[in-house]
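Asker:
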Amino acid sequence: MRAPCLLLLASGARAVVETPWTDFTKMNLGQWRGRAVRIDPRTAEPRSAAARFVVAHAEAARPCTYSTRASLLDGTRSCEFETTFDERADVDLDGSYSNDHPAGCAFTSLFSPGADGASEFVIEHSIAWRDDARLRLLLRYGPSETPATDAEMDDARPAPDALLDVLLLDEVRASAGSEAEATAERATAATCTVYSLLGEWRGDACVRQPERAPAEPERAPPRGFGAGGGGGGKARARAPADARAGGAARFGRFTVNVFKASVRFTWDGGSRVGRRLGFASFAGEPLDAISTTGILREHAGEFESFEAIDFASGTDPTAPRMLLLPNGCYVLAPSTLARGAPFATEFGALLEGGESFGWMGHVDNGDSPMTESGAALVGGDDPAASRMVRVQRLYGDGRVFASGTTSLCTEADGDGQQAR
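For the sequence shown, the residue numbers in mature numbering (1 follows the signal peptide of the UniProt record, and there is no 0) are -15 to -1, 1 to 405.
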């Protein structure tokens, strides 16, 4: 069970974040055992039985880089690779994190043999729901199987990518022993359903925005013979051999804001599901709420039904779809990444009552610790109430990572079976 953590004092406060790499390594390095389930992104149905694996993370020689060795327990496949954390990586102070892999992730090849890393974009979310247990989700985006139209082929922007695969990982630290592994699996065994989400969930959201590297001055175009284009046009700067290795210097440079947050799910008992996100400063000033309505779709599997919610108008493939997953989890992500358009992904998990989860920190007004009045803002909730934790990533135009959010909410009421 995770130890209780303190929370940042107020909305708008700039957090002093000095050791994000330490926070990441303290939770995530070492050897883990787990189960992986491949999920069909159209129906939310598992594509195969859970595959058991072992994975080991260790620090590499390069800054903010770790090496990974992973293999299936049946010995059929294995992989080894390195991952560098730069400004696109987002780490919470408890070790939860999210990241992306623009050229694919070798780890997915263990469970999806047809994965083509060079042409894939993989988004990774991880929830450290206990000191020795984590839940991870990997979204594999790649070239759509639908042939491109003539207009799309003439478009100079990047081609749209379809969501090819969803990988859900339930992992426990190998040193925890078999009893802890069994406990972790029992505690997260229930499949998330629309009914389990209903009602209002209230808590806090911690938003981190990365510091951007200063723009490089544009070089003058080359002149004379051999410059290309008869001496005209702009010179194209070569990309560094390892762009992410250079970006490691910017890892962990972000500002943090904390808000009061609420999530409310409603259901009309038929096919309509509502979702409302509310935000307020710690001073109580309400901010704009976001309300969406989706259509609940059920897919009948061999032994049970599986649920997905389409938050879309018409059949827009770039609109978010919520897949309700095993282990009390869900994911909200677009089925297709549009050409250069902004988008968001969200991985959430429901925790049993009594589990603690959160982050700790302090503000930069003299590095003062949290006051009693500030601590009161995070206390007082029912320890027996269920919890919902969410890890989100927001992207701007051109798949530029804009912000990461970790949110912990406690179930406030379960009366959500009504249309809104």
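Ideal Cβ placement from N, Cα and C applies to all residues, glycine included.
As the structure is a prediction and not an experimental result, all values here were calculated from the model.
Is DSSP giving Leu123 helix, strand or coil here?
Answerer: Within the sequence shown, residue 123 is the residue found at index 138, counting from 1. If DSSP states are grouped into helix, strand and coil, Leu123 belongs with the strands.
Asker: Do you know how far the Cα of Ala88 is from the Cα of residue 421?
Answerer: One cannot answer for residue 421 here, as it falls past the ends of the chain, which runs -15 to 405.
Asker: Compute the Euclidean distance between the alpha carbons of Ala268 and Leu78, then round it to the nearest angstrom.
Answerer: Translated into the one-based positions of the sequence shown, residue 268 becomes position 283. Translated into the one-based positions of the sequence shown, residue 78 becomes position 93. Spanning the two alpha carbons is a distance of roughly 24 Å.
Asker: Quick one: grab the DSSP three-state call for Gly188.
Answerer: On the sequence shown, residue 188 is found 203 positions in, with the first residue counted as 1. Three-state result, Gly188: strand.
Asker: Less than 6 Å between C-beta atoms, sequence neighbours within five positions excluded: which residues of the same chain meet that for Phe279?
Answerer: Working through the sequence shown from its first residue, we reach residue 279 at position 294. For clarity, residue 279 is Gly in the given sequence; the question names Phe instead. If we look at Gly279 and ignore the five residues flanking it on each side, its Cβ neighbours are Val258, Ile294, Asp295 and Phe296.
Asker: Taking the beta strand (DSSP E) that Thr68 belongs to, which residues open and close that run?
Answerer: One-based indexing of the sequence shown puts residue 68 at position 83. Ser63 to Thr69 is the span of the beta strand (DSSP E), which, as asked, contains Thr68.
Asker: Quick one: which unbroken alpha helix (DSSP H) runs of 4-plus residues sit fully inside the stretch 372 to 401? Chain order, please.
Answerer: Fully enclosed alpha helix (DSSP H) runs of 4 or longer: not present.
Asker: What are the start and end residues of the beta strand (DSSP E) that includes Leu308?
Answerer: As a working mapping, residue 308 is identified with position 323 in the sequence shown. Here the beta strand (DSSP E) through Leu308 covers Pro305 to Leu310.
Asker: Can you give the beta carbon distance from Leu148 to Leu120, rounded, assuming they're within the 8 Å contact cut?
Answerer: Mapped onto the sequence shown, residue 148 falls at position 163. Mapped onto the sequence shown, residue 120 falls at position 135. In fact, because the Cβ distance is near 19 Å, the residues do not count as touching under 8 Å.
Asker: Just verifying my parser: in three-state terms, what is the DSSP assignment at Ala91?
Answerer: Counting from 1 along the sequence shown, the entry for residue 91 is found at position 106. Ala91: helix per DSSP, three-state reduction.
Asker: Quick check on Asp59: does DSSP put it in helix, strand or coil?
Answerer: As a working note, residue 59 is residue 74 in the sequence shown. It is coil, neither helix nor strand.
Asker: Buried or exposed for Phe288, going by 16 or more other Cβ atoms inside 10 Å?
Answerer: Along the sequence shown, one-based indexing puts residue 288 at 303. With fewer than 16 other Cβ atoms within 10 Å, it is exposed.
Asker: Just to confirm my understanding: we take Thr176, look at its own chain, exclude 5 residues before and 5 after, and list those with CB closer than 6 Å. What are they?
Answerer: Counted from its first residue, the sequence shown places residue 176 at position 191. Counting only Cβ-Cβ distances below 6 Å, and skipping sequence neighbours, we find Pro311.
Asker: Any idea if Ala318 is buried or exposed, counting beta-carbon neighbours within 10 angstroms, 16 or more meaning buried?
Answerer: Taking the first residue of the sequence shown as position 1, residue 318 is located at position 333. With 16 or more Cβ atoms within 10 Å of its Cβ, Ala318 is classed as buried.
Asker: If the criterion is Cβ atoms closer than 8 Å, does the pair Phe250 and Leu122 meet it?
Answerer: By 1-based counting over the sequence shown, the position of residue 250 is 265. By 1-based counting over the sequence shown, the position of residue 122 is 137. Against a cut-off of 8 Å, the Cβ pair of Leu122 and Phe250 comes out as no contact.
Asker: Kindly indicate which three-state DSSP category Phe9 falls into: helix, strand or coil?
Answerer: On the sequence shown, residue 9 is found 24 positions in, with the first residue counted as 1. Note: Phe9 maps to helix in three-state DSSP.
Asker: What are the boundary residues of the alpha helix (DSSP H) that Ser181 is part of?
Answerer: Walking along the sequence shown from the start, residue 181 turns up at place 196. Here the alpha helix (DSSP H) through Ser181 covers Val179 to Leu182.
Asker: Can you have a look at Ile24 and say buried or exposed, based on whether 16 or more other CB atoms are within 10 angstroms of its CB?
Answerer: Working through the sequence shown from its first residue, we reach residue 24 at position 39. With 16 or more Cβ atoms within 10 Å of its Cβ, Ile24 is classed as buried.
Asker: Take Phe264 as the anchor and find which of Thr277, Ala246, Gly255 and Leu281 has the nearest alpha-carbon.
Answerer: Locating residue 264 in the sequence shown gives position 279, counting from the first residue. Of Thr277, Ala246, Gly255 and Leu281, the residue nearest in Cα terms is Ala246.
Asker: What whole-angstrom Cβ distance do Gly184 and Glu396 have, given they're in contact under 8 Å?
Answerer: For the purposes of this step, residue 184 is taken as residue 199 along the sequence shown, with counting starting at 1. For the purposes of this step, residue 396 is taken as residue 411 along the sequence shown, with counting starting at 1. So it is a contact: roughly 6 Å between Cβ atoms.
Asker: Whole angstroms is fine: what's the gap from Leu152's alpha carbon to Ala35's?
Answerer: What you label residue 152 is simply residue 167 of the sequence shown in a count that begins at 1. What you label residue 35 is simply residue 50 of the sequence shown in a count that begins at 1. Their backbone Cα atoms lie some 10 Å apart in a straight line.
Asker: Looking at the strands, I want to know which residues DSSP matches up with Leu148.
Answerer: For this step, residue 148 is matched to residue 163 along the sequence shown. Leu148 is bridged to Tyr126.
Asker: To the nearest angstrom, how far is it from the Cα of Phe239 to the Cα of Met12?
Answerer: As a first step, residue 239 must be located in the sequence shown, where it is residue number 254. As a first step, residue 12 must be located in the sequence shown, where it is residue number 27. Approximately 20 Å, taken between the alpha carbons.
Asker: For the candidate residues Ser111, Asp8, Gly60 and Pro26, whose alpha-carbon lies nearest to that of Leu308?
Answerer: Walking along the sequence shown from the start, residue 308 turns up at place 323. Per the Cα distances, Pro26.
Asker: Which one or two residues does DSSP pair with Ala285 in a beta bridge?
Answerer: Looking up residue 285 in the sequence shown gives position 300. The partner list for Ala285 (beta bridge, DSSP) reads Ser290.
Asker: If we count Cβ pairs, one from each stretch, closer than 8 Å, do we get three or more for the stretch 377 to 390 versus the stretch 186 to 195?
Answerer: Contact holds: three or more Cβ-Cβ distances are below 8 Å.
Asker: Using alpha carbons as the reference points, say which of Asp59, Arg115, Asp117 and Asp75 lies closest to Ile108.
Answerer: Indexing the sequence shown from 1 puts residue 108 at position 123. Checked all of Asp59, Arg115, Asp117 and Asp75; the closest Cα to Ile108 is Asp75.
Asker: In terms of alpha-carbon separation, which member of Leu124, Arg62, Ser256 and Glu30 lies closest to Ala285?
Answerer: Along the sequence shown, read from residue 1 onward, the residue named residue 285 stands at position 300. Measuring from the Cα of Ala285, the nearest candidate turns out to be Glu30.
Asker: Taking the alpha carbon of Asp273 as the reference point, which residue from Leu281, Phe244, Trp252 and Asp253 has its own alpha carbon closest?
Answerer: Counting from 1 along the sequence shown, the entry for residue 273 is found at position 288. The shortest C-alpha separation from Asp273 is found at Phe244.
Asker: Among residues of its own chain, excluding the 5 on either side of Thr330, which ones have a beta-carbon nearer than 6 Å to its beta-carbon?
Answerer: The sequence position of residue 330 within the sequence shown is 345, counting from 1. Excluding positions up to five away in sequence, the list reads Ile108, Ala318 and Arg378.
Asker: With distances taken from CA atoms, which of Gly80, Leu262 and Asp253 is nearest Pro5?
Answerer: By 1-based counting over the sequence shown, the position of residue 5 is 20. Out of Gly80, Leu262 and Asp253, Gly80 has the C-alpha closest to the C-alpha of Pro5.
Asker: In this structure, how does DSSP classify Arg235 when only helix, strand and coil are distinguished?
Answerer: Counting from 1 along the sequence shown, the entry for residue 235 is found at position 250. Helix at Arg235.
Asker: What is the rounded straight-line gap between the Cα of Ser83 and the Cα of Val157?
Answerer: Along the sequence shown, read from residue 1 onward, the residue named residue 83 stands at position 98. Along the sequence shown, read from residue 1 onward, the residue named residue 157 stands at position 172. Cα-Cα distance, rounded: 18 Å.
Asker: Using C-beta distances below 7 Å, list every residue in its chain close to Thr28, excluding the 5 sequence neighbours before and after it, in chain order.
Answerer: Along the sequence shown, read from residue 1 onward, the residue named residue 28 stands at position 43. Excluding residues within five positions, the ones whose Cβ falls inside 7 Å are His284, Phe291 and Ala293.
Asker: Tell me, please, which residues DSSP counts as bridged to Thr251.
Answerer: Within the sequence shown, numbered from 1, the residue matching residue 251 stands at position 266. In the DSSP output, where bridge partners are listed per residue, Thr251 has Gly259.
Asker: Would you mind listing the alpha helix (DSSP H) stretches within the stretch 13 to 56 that are 4+ residues and don't spill past its ends, in chain order?
Answerer: Those alpha helix (DSSP H) runs which fall completely within the stretch 13 to 56 and span 4+ residues do not exist here.
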